[in-house]
Structures are given as structure tokens and as C-alpha cells.
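See structure below.
In full-length UniProt numbering, the protein residues as written are 1 to 200.
The following block contains the structure:
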């Protein structure tokens, strides 16, 4: 299946006293990535991780987003939440005996060059069992399978636990530099940015 995208080129006649805009449309044909559609599954004893976003119960995840444990996010309209899951690589964590949803991680990626890791979470009732480490290792395995990956990245404000954790498990480094040197990491806060983050 192919999708047509329209590229619009705008030409301006600078010799005219009143510049006119000529819009030329060019149809670009794109083929969806088969890699993006591949569902991956890992099992570890009583637990399963799946990249199938349709398995994730939206209301449960939204309740987590709205909880104090998920301090870096906030609840969303369910339609927006569903769209966000469909547009990223999800890692749902499940307790296999009762098929309960107990954790998540999301990876915003083009499946080729870039991966942004976010929303890594294990429900408190299942913490302390090494599941967070396993979840993150599965992310690492999935991103390492991208032969043209330039970089994976994440943001965290938890210097005491999260920074050393990701350094050890994923081999990540803190991007530190002086202004004008090295690679600048920049961001702009959007309307969905949790204001509780400013108080941290």
C-alpha cells in the first residue's frame, strides 16, 4: 500500500511590484516501513513484553499518566493517547498468568536513525523484581537492531537513580558541554508539558 504526499513549492516573482505566489504540487510516493509493523515479544518467567500497541489498555495507562507516580506526564484524551501509542514503538509489560498490564516504555523513532526513550514505568506492585532493567534491555535490543541508528536519547530529572541506571544498562552518557562547544541539547516546552516538572 502506498500513500501520496503533496509537496508544495512556492515561487515568488521578485521583479514584480506585487509579488505573486505560484504553487506547484508534486506527488511523492512512499512505501510504509515493514520494520515498523513487526511485533516483537520477549518472555521472562511469569512476564511478557510486547511491542503490540493494541494490547495496551488505554484507560489503565491514562490513569497511570494522571497519577503522582507518573510525575513527568499527565492524562490525555483517550483518542490522543491512542494516537500517541500508534505513532511510536511501545513496549508493554504484562504479568502472563492473569494477562495484566503492569508496565510500559515508549520509543519515539523513525525505525532507522533516531530513538527517543520515554515513559519508562513499572507499576509499584511489581517493582523490585528487575522488570525495569529487563524492560530497558529490551529497548536496547530493539534499537541496536537498527543498523543506521545515529543516536538514542532520553530526558530524566532523577540524577540519583535514573542517570546511573541508564548509564549502566544502556551505556548512555550525560550530554554535558559548555555553550559553544560540543552538541547542544535543546528543547521547547509545549502546552502538554507538566507544570509539576518546573517545581522539581
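The C-beta atom is built at its ideal place from N, Cα and C for all residues, glycine as well.
Treat the numbers as computed from the prediction; the structure is a model and nothing was measured.
Chain-order list of residues whose beta-carbon lies under 8 Å from that of residue i (same chain, five-residue window excluded)
i	result
residue 194	71, 72, 73 and 74
residue 97	46
Cβ-based burial, residue i [other Cβ within 10 Å; buried from 16]
i	result
residue 115	buried
residue 45	exposed
residue 135	buried
residue 122	buried
residue 155	exposed
residue 185	exposed
Candidates the options, of which the one nearest residue i by Cα
i	options	result
residue 143	43, 179, 51 and 121	51
residue 104	133, 110, 78 and 38	133
residue 127	191, 61, 69 and 62	69
residue 141	169, 187 and 101	169
residue 191	41, 121, 76 and 62	76
residue 129	106, 95 and 99	95
Own chain residues within Cβ distance below 7 Å of residue i, not counting five before or after
i	result
residue 113	148, 149 and 150
residue 85	53 and 56
Which of helix, strand or coil DSSP assigns to residue i
i	result
residue 151	strand
residue 95	strand
residue 47	strand
residue 174	coil
residue 71	coil
residue 102	strand
residue 64	helix
residue 107	strand
residue 143	helix
residue 182	coil
residue 134	helix
residue 113	coil
beta-carbon residue i near the ligand ATP non-hydrogen atom, thresh 7 Å
i	result
residue 49	Absent from the structure shown: the ligand ATP. Ligands present: none.
Cβ shell of residue i (< 6 Å), same chain only, five flanking positions each side left out
i	result
residue 153	116
Is the region 51 to 71 touching the region 79 to 97 in the sense that three or more CB pairs, one from each, lie closer than 8 Å? yes
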